[in-house]
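Visitor:
Residue numbers (our numbering): 10 to 192.
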């Protein structure tokens, strides 16, 4: 899979997120996971960057812009807003309190997502098959889902229909593999 192949990334992630309730849960909780992760990374220094939070923000921003210019710039902007807010909040709280806030938020958000997968999707999360891709794609996936749902946005005409066919094919392949294991 090419690093900036939006169709394939979106289809991979979409195959694990086809249930509307699970998608909604992810829309609510993915960005808070990103935000609170940046809060904790604010305290980790890094060579050539003020901290790991700034480095990860830049990586995510570049990745998103490389995948789709319009939605990518919006995602990059949201990443930088999260970075600025997380840095300010973490700086205000201090390490000890930040750690506690992050722990509670992460536990709550991850629990909700695992419930979404177990109860509604009935499929393990994407991160169990491709950890890096799942973490990188999650914020962009839910943003694209929201843009498509509320504004009809597509990176190009026919994108949603083409990716939907790829998602359906991946889900069918997964179900066949699952069926073979059971028999």
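Each residue gets a CB set at the ideal place from its N, CA and C atoms; glycine is no exception. In this text, all values refer to a predicted model and were calculated from it rather than measured experimentally.
Just to confirm the assignment: which complete alpha helix (DSSP H) runs, minimum length 4, are found wholly within the region 85–126?
Guide: none
Visitor: Just to confirm, are residue 21 and residue 147 a CB contact at a threshold of 9 Å?
Guide: no
Visitor: Give a yes or no on whether the C-beta atoms belonging to residue 96 and residue 51 are separated by under 9 Å.
Guide: yes
Visitor: Since residue 30 contacts residue 129 with CB under 8 Å, what's their CB separation in whole angstroms?
Guide: Rounded, the Cβ-Cβ distance is 4 Å, consistent with contact.
Visitor: Between residue 126 and residue 11, what straight-line distance do the alpha-carbon atoms span, to the nearest angstrom?
Guide: 27 Å
Visitor: Just to confirm my understanding: we take residue 49, look at its own chain, exclude 5 residues before and 5 after, and list those with CB closer than 6 Å. What are they?
Guide: 111
Visitor: Name the DSSP beta bridge partners of residue 58, please?
Guide: 55
Visitor: Just reading off the alpha helix (DSSP H) that residue 22 is part of, what are its end residues?
Guide: 15–24
Visitor: Would you call residue 45 buried or exposed, if buried means 16 or more other Cβ atoms sit within 10 Å of its Cβ?
Guide: buried
Visitor: Do the CB positions of residue 117 and residue 38 come within less than 9 Å of each other?
Guide: Judged by their CB atoms, residue 117 and residue 38 are nearer to each other than the 9 Å cut-off.
Visitor: In whole angstroms, give me the CA-to-CA distance for residue 74 and residue 80.
Guide: 7 Å
Visitor: Going by beta-carbon coordinates alone, are residue 47 and residue 99 separated by less than 9 Å?
Guide: A contact, by the Cβ cut-off of 9 Å.
Visitor: If we ignore side chains and look at the alpha-carbon of each, how far apart do residue 13 and residue 115 end up?
Guide: 28 Å
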